[in-house]
Structures are given as C-alpha cells and as structure tokens.
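Protein chains in written order, with the UniProt record's numbering: chain A, 1 to 127; chain B, 1 to 95. Glycine included, C-beta positions come from ideal geometry on N, C-alpha and C. Shown next, in structure tokens, is the structure this report addresses.
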Amino acid sequence: MTEILEIAAAICLVIGSIFTLVGAIGLLKFNDSMTRMHAPTKVGTVGVGMFLLASIFYSFTYSEGSLHQVLIMAFLFVTAPISANFLAKVNIHKRSCDTPPTPPRDDTWSTLNVPVADRDIEPPKSP
Amino acid sequence: MSFATSFMSGALTIAFVIAALGQIMCMIRLVIGPSTGDRILALDTMVVNAIGLIVLLGIAQGTTIYFEVSMMIAMLGFVSTVAYARFVLRGDIIE
C-alpha cells in the first residue's frame, strides 16, 4: 500500500513537471500576447495541482497524512480564471492583440469604453 | 532502497530542476516582454512556480510546515496580479 502511494506521488510529480515545462516554454516562445496567455494558465491549474496532489499522497506514505493542500488547490483553481480574465482585459485595453469583433448588442467592449481624456493609449492604427 | 523510493527521489529531482528552469524562463519573459500584459503574466506565473517550488521543498523535507507559506504566497500573488491589472485598466487601484 505504501509503495503504491509513493509511486502515485512520483507519477503526479512527473505529470506536474511536464505541464510546468510546457507552460514555461509556451510563455517564452509564443509570438502574440493573447497566445502567450494560453500556456501559463495550465501551469497554475494542472502543474501546481499535480504537485499538491503528490504532496498529499506522499504525506500519507510516511505519516498519518494531511489534506491541507486541498485548500491551496481550491484557492488556486478559483483565482486562476479571475486573474486570466483580468490579463485578457489588459491585453484588449492596451491593444497589444487583435481587437475582438464588435459585440452584437452594444457598440464597444466595456474595457475600451473610456472617455477620451482618460485614454493614455494611441487610437488603433487602421491597417 | 526499494524501487518506489528511488523512483520518488528521481521524480522529485526532475520536478525541482524543471520548476527552477520554468522560473528562469518566466524571468526572461519578464525582462524582454514587449507589453505590460506580458510582464504581469510573467510575474503571475513566477508566483505560481514559487508555490510549486515550496510544495516540492515540503515533499523533500517530509514536513507540512510549508503549508502556510504557500497559502500566503498564493493569496498575495492573486491580489498583486489583480492590483497590477486594475492599475493598468483604470489608472487607480482603489477608486
């Protein structure tokens, strides 16, 4: 039983390190701001989630075990989409990506709907 | 040393090396990042990688005393990411 738990912890560590490596390479090598956002969000969920799962398994092999790590996992899984949403809004606002198409019912996206005096960025260059 | 123990120690070493490598890659993106969003994203990923490194340290030493540390780093990382993004979006953090 102990051996099975230890091997499960090691497999979780390997999966987590694969995702961490892929996310870091994606953050470094992709060529567009919005594309670059895609890879590191996997580090925040699957990579660290697998590390924490390995920590849970390993704590059950040598001591009586602890489930504290589930709290960090829940916190990360709740907050990762929120920060990713904020970063996407920053990218749209700074126009460091292609502006998304006009929404069907409003006239513009809310993050672009600021008064002209508050705009510290250049208007979009028409290609 | 049984097979499981040696497999575990090898996987732990690999995970340490890869998390440190990912931290260095994020640092490169933090330096060269062309736009502000990329720099905030690199900082956010560095916080997440730091949580991973601390969790791995807890596994390596066989203790659970690093739980509070990683919890605090997770909270501060989220708050700082939101604050940076909000500063870029609105020019102010608390209006």
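Asked	Found
Taking the straight line between their C-alpha atoms, what separation do you get for A/Arg95 and A/Tyr62?	52 angstroms
Using the C-alpha atoms, what's the distance from A/Thr2 back to residue 98 of chain B?	Absent from the structure is residue 98 of chain B, since the part of chain B shown begins at 1 and ends at 95.
How long is the line joining the alpha carbons of B/Ala11 and A/Ile11, rounded to whole angstroms?	8 angstroms
For the stretch 50–75 of chain B, which residues have a CB atom closer than 8 angstroms to at least one CB atom of chain A, in sequence order?	Ile51, Gly52, Val55, Leu56, Gly58, Ile59, Gly62, Thr64, Phe67, Ser70, Met71, Ala74, Met75
Quick one: list the residues of chain A neighbouring B/Met8, beta-carbon separation under 7 angstroms, in chain order.	Glu6, Ala9, Ala10
Quick one: give me the first and last residue of the alpha helix (DSSP H) that B/Tyr84 is part of.	67–90
Can the beta-carbon of B/Val48 be found less than 9 angstroms from the beta-carbon of A/Gly47?	yes
Looking at chain B, which residues of the stretch 24–45 of chain A have a Cβ within less than 8 angstroms of any of its Cβ atoms?	Ala24, Ile25, Leu27, Leu28, Ser33, Arg36, Met37, Pro40, Val43, Gly44
Leaving out five residues on either side along the sequence, give the residues of the same chain with a beta carbon under 6 angstroms from the beta carbon of A/Pro123.	Reliability of the predicted coordinates at A/Pro123 is poor, the pLDDT of 49 falling under 50, and the value obtained from them is presented with this limitation in mind. None.
Contact criterion: CB-CB distance below 9 angstroms. Does A/Phe60 meet it with respect to chain B?	no
Would you kindly work out how many angstroms separate the C-alpha atoms of B/Ala74 and A/Gly44, rounded to a whole number?	10 angstroms
Using a cut-off of 7 angstroms between C-beta atoms, extract the partners of B/Arg29 located in chain A.	Leu27, Leu28
Could you check what DSSP says for A/Met34 in three-state terms: helix, strand or coil?	helix
If you measure between the beta carbons of A/Ser55 and B/Val55, is that distance less than 9 angstroms?	yes
When burial is assigned at 16 or more other CB atoms within 10 Å of the CB, is B/Ala76 buried or exposed?	Correcting the residue identity first, residue 76 of chain B is Leu in this sequence and not Ala. Classification for B/Leu76: exposed.
Can you give me the C-alpha to C-alpha distance between B/Ala85 and B/Ser9, rounded to a whole angstrom?	39 angstroms
According to the Cβ coordinates, are A/Ile72 and B/Met46 closer than 9 angstroms?	no
Between the alpha carbons of A/Gly23 and A/Gly49, how many angstroms are there, rounded?	14 angstroms
Below 7 angstroms CB to CB, which residues in the same chain sit around A/Phe60 once its five sequence neighbours on both sides are set aside?	Leu5
Any C-beta of chain B sitting closer than 9 angstroms to the C-beta of A/Thr2?	yes
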